[in-house]
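For reference, the structure discussed in these notes is given below.
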Amino acid sequence: MAKILIVDDAKFMRMTLTNILKNGNHEIVGEAENGQEAVEKYEALSPDLVTMDITMPEKNGIEALKEIKAQSEQAKVIMCSAMGQQKMVVEAIEKGAKDFIVKPFDESRVLDAIDRVLN
Numbered sequence: 001m002a003k004i005l006i007v008d009d010a011k012f013m014r015m016t017l018t019n020i021l022k023n024g025n026h027e028i029v030g031e032a033e034n035g036q037e038a039v040e041k042y043e044a045l046s047p048d049l050v051t052m053d054i055t056m057p058e059k060n061g062i063e064a065l066k067e068i069k070a071q072s073e074q075a076k077v078i079m080c081s082a083m084g085q086q087k088m089v090v091e092a093i094e095k096g097a098k099d100f101i102v103k104p105f106d107e108s109r110v111l112d113a114i115d116r117v118l119n
């Protein structure tokens, strides 16, 4: 069972991902609403994996990804993007994201991505 940190500024999206991940037998160790909070919670919780929204207030997902990767080379981060954010997704992968999932979330696609990144 993987310990996962969910990062998204929309509560509805965090709830949706929580439900999907719990169905996949993963443990949600924390949630963050913005990139700054994500970096702090990553440090405090040491999750196995982070789902990171790209577009957020205060610090976006790519900035938070860079800081988390600077803290831990081994960090496993999956970016969550809306349609039409391909350029940002490419940048995130270049900065060390392991995969990406597209909103609206498809449960099997999300769980496949999580399993692939964890294994």
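So the sequence shown is residues 1 to 119, counted in full-length UniProt numbering. Think of the CB as a built atom: it goes at the ideal place given N, C-alpha and C, for glycine as much as any other residue. All figures in this text were calculated on a predicted structure; none of them were measured in a lab.
- Within the UniProt domain "Response regulatory" (3-118), the runs of beta strand (DSSP E) at least 3 residues long that lie entirely inside it are, in chain order, 3-7, 27-32, 49-53, 77-81, 99-102.
- Taking C-beta atoms under 8 angstroms as the contact rule, M56 and N25 fail to qualify, at a distance of about 27 angstroms.
- Between the region 4-20 and the region 90-98 there are fewer than three C-beta pairs closer than 8 angstroms, too few to call the two in contact.
- The region 64-72 makes no contact with the region 81-89; the number of CB pairs closer than 8 angstroms stays below 3.
- Contact annotation, V117 with K76: C-beta distance approximately 5 angstroms; criterion of less than 8 angstroms satisfied.
- Looking at the backbone, the Cα of I54 and that of K3 are separated by about 21 angstroms.
- The residues I78, C80, R109, V110, A113, in chain order, have a CB closer than 7 angstroms to that of I101 in the same chain once the five nearest residues on each side in sequence are set aside.
- Spatial neighbours of E63 in its own chain (CB-CB distance under 7 angstroms, excluding positions within 5 residues in sequence) are listed in chain order as G35.
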